[in-house]
Each structure stands twice: as structure tokens, then as C-alpha cells.
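Residue numbers (the working numbering): 1 to 114. Quick reminder that beta carbons are idealized off the backbone N, C-alpha and C, glycines included. Data block below; observations after.
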């Protein structure tokens, strides 16, 4: 029997996620379920620019790119930190504003769960 971890959300990430197209939400929830079961979805990869244990799920839909950032090393739960539609002006690179927000939310979450 698998030890499936709960998936918890930062409220702002959950609100933003709710704006994604339904099929993008479905695919991302499937990838989060795989993470909760201790595996890594084909759509997930490590998120560079922050401490280890943070991953991003990327889904393309009708020419748009959607991202969910989640952490696996904060408490027992899988924590969804951020959800956004990527509108990078610099190619595939995640905009610095999004990275700063992710770092801020990670810091706040770690402090709240101490």
C-alpha cells in the first residue's frame, strides 16, 4: 500500500489555479497525485533558482504555458506554492517576479510550519 501524502495549497496558489482551463487543471492534479504517491510525473521537473525539493509542473495548452510550483520537503504534505500562466518575454526563462514570489512564499510557509 502506498503512503500517499496530502496535497496542501497556499490559498493564493489555489485561487490562481482555479482560473486555469479545466483540462490543464485535470492534468496538473494528476501530476500532483503522482507526486503525493512519491513519484515524479513526466510533466514535472526540478525548479531551479530555489532550494532543493521544489518542482514545477508545466502544461502547454493552445499556445499558452501554465505552471504549478510545489515543494516536497516542507512538513509531511506536498505544498503547492504558486500557480501561474507563464508570459515570459525572455523565452523559456521564468520571469524574476515569479521567482521572487515563489521564494517569498516558501520562506513564509517554512516559518508558519515551524
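Residue 61 is bridged by DSSP to 64. In this structure, residue 31 lies away from residue 23, with their beta-carbon atoms at least 8 Å apart. When secondary structure is reduced to three states using DSSP, residue 24 falls in the helix class. CA-CA distance, residue 80 to residue 95, rounds to 19 Å. The beta carbon of residue 65 sits closer than 6 Å to those of 86, all from its chain and outside the five residues before and after it, given in chain order.
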